[in-house]
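Below: one structure, written as structure tokens.
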Amino acid sequence: MQATYRPAPDARHTTHWFSTDEVSTAIKRLDPSANITKEQLFQAMTSAGFKFQNRPGASGCDFRWMLQERSNK
1 MQATYRPAPD
11 ARHTTHWFST
21 DEVSTAIKRL
31 DPSANITKEQ
41 LFQAMTSAGF
51 KFQNRPGASG
61 CDFRWMLQER
71 SNK
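If you read the sequence shown in UniProt numbering, its first letter stands for residue 1, the second for the next number, and so on.
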């Protein structure tokens, strides 16, 4: 995942907003043997510098991971 995305420094630099479930599903698609809990995923993402917050302008509490797509340069 980190080959494609890096932690976004703030909401305006965020190119993708993913839920914890979406990140978990992506990991399991890449590695079907991955057995990671949501708690472990949250810890790993925060340890890697990713931020988890409500999207600006979102109605209600819809917290997502803030990711910035890496450029192909």
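We put the CB at the ideal spot given by N, CA and C, even for glycine.
Quantities reported herein were computed from a predicted structural model and do not represent experimental measurements.
Nearest-angstrom beta carbon gap, residue j and residue i [assumed within contact, 8 Å]
i, j, result
"L41", "S19", "With a Cβ gap of about 11 Å, L41 and S19 do not count as contacting."
"M1", "A26", "7 Å"
"A34", "P7", "Incorrect: roughly 21 Å between the Cβ atoms, too far for contact."
Per-residue burial, residue i [other beta carbons within 10 Å of its own, 16 or more giving buried]
i, result
"F50", "buried"
Strand pairing of residue i, partner residues [DSSP]
i, result
"R64", "Q53"
"E69", "Y5"
"F18", "W65"
Distance, residue j Cα to residue i Cα
i, j, result
"S71", "C61", "30 Å"
Contacting residues, own chain, Cβ-Cβ under 7 Å from residue i (five flanking each side not counted)
i, result
"Y5", "H16, L67, Q68, E69 and R70"
"F63", "F52, Q53 and N54"
"T14", "A8, M66, L67 and Q68"
Any non-hydrogen atom of the ligand ADP closer than 8 Å to residue i Cβ
i, result
"I27", "The ligand ADP is not part of the structure shown, which contains no ligands of any sort."
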